[in-house]
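Shown next, in structure tokens, is the structure this report addresses.
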Amino acid sequence: MDEIQNPALDGQDEQNQAKSGPADRETTGPFDEAEANAVRPYVNLGGVKILPREGLQLRLEVEESTQRVVAVGLDYARSTLQVQPFAAPRSTGLWHEIRHQIADQIAKQGGTTKLSVGPFGPELLAEIPAAGQGQPGAKRLARFVGVDGPRWFLRGVIAGDAVTDPDAAARIEDLFRSIVVVRGTTPMPPRDLIPLSVPQSSTGGASSGPLEV
157 MDEIQNPALD GQDEQNQAKS GPADRETTGP FDEAEANAVR PYVNLGGVKI LPREGLQLRL
217 EVEESTQRVV AVGLDYARST LQVQPFAAPR STGLWHEIRH QIADQIAKQG GTTKLSVGPF
277 GPELLAEIPA AGQGQPGAKR LARFVGVDGP RWFLRGVIAG DAVTDPDAAA RIEDLFRSIV
337 VVRGTTPMPP RDLIPLSVPQ SSTGGASSGP LEV
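If you use our numbering, the sequence shown corresponds to residues 157 to 369, in order.
Here is the structure:
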């Protein structure tokens, strides 16, 4: 028996595989290493480079079992921005599919999400149960943003004032735009975390703890 194709499902698959991000991403960011200004004083964290600015603090989130750096935390404008770079296919994107998976995970935790369109394209505004705060029913707000670049995907999670305050949001969005993703040439399966590393101090040793950048 011949397989019957569902045009609606085919269209949905194509939409899920499309790249997502600002139309002017190559000039306004987030940037690929090949697009970045090479003379700017970036903090090199391996898979991403961060542009220093006054009041910005950087934290590295480390997986306890492996001591592997799994995310970069940025404290700025009374807000936090967590970023993670992932390998991605050359011609298709990851954000549309990953966004649906995030919404499903939050729903299973008893939270809710709302889809909206922001400066980076589709994003999720989430209300997530805040366990351990001693207040039954307490929830925390977060924005989930994502951008598909050339062979990489950059995810950001925004919390704090930037979720509700337009001025703080604009500053955090500018910070996210300034990030440079360093994909490298090593073959990697899509969705694998691009390796992150601890920045080196001026004396050549690894830095630890929050860093003023």
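The beta-carbon is built from N, C-alpha and C at its ideal position, and this holds for glycine as well.
For Glu329, the uninterrupted alpha helix (DSSP H) run begins and ends at Pro322 to Arg333, by DSSP.
Excluding sequence positions up to five before and after Ile335, its CB lies within less than 8 Å of the CB of Gly185, Pro186, Phe187, Val204, Lys205, Ile206, Leu207, Val239 and Leu310, all in the same chain and listed in chain order. Nearest Cα to Pro306 within the set Leu250, Gln223 and Glu220: Leu250.
Pro178 is a Cβ neighbour of Gly277, given a cutoff of 8 Å. In this structure Arg299 is not in contact with Glu283, their Cβ atoms being roughly 11 Å apart against a cut-off of 8 Å. Boundaries of the alpha helix (DSSP H) around Ile262: Trp251 to Lys264. The beta-carbon separation of His256 and Ala174, rounded to 13 Å, does not stay under the 8 Å limit for a contact. Closest in C-alpha terms to Thr341, from the list Glu191, Ala263, Ala243 and Thr222, comes Ala243. Separation of Glu189 and Val338 (C-alpha to C-alpha, rounded to the nearest whole angstrom) is 5 Å. Here the alpha carbons of Arg181 and Val226 stand approximately 24 Å from one another.
Arg307 sits in coil when the DSSP states are folded into three classes, being neither helix nor strand. Rounded to the nearest angstrom, the gap between the Cα atoms of Ser176 and Ala294 is 32 Å. Cα atoms of Pro343 and Ala259: separation of roughly 29 Å, rounded to the nearest angstrom. Under DSSP, the beta-bridge partners assigned to Thr269 are Ala282. Rounded to the nearest angstrom, the gap between the Cα atoms of Asp321 and Ala315 is 11 Å. DSSP places Thr236 within a strand segment (E or B) once states are collapsed to three.
When the alpha-carbon of Ile262 is set against those of Ala324, Asp231 and Leu281, the nearest one is in Leu281. For the pair Leu297 and Arg196, the Cα-to-Cα distance works out to about 33 Å.
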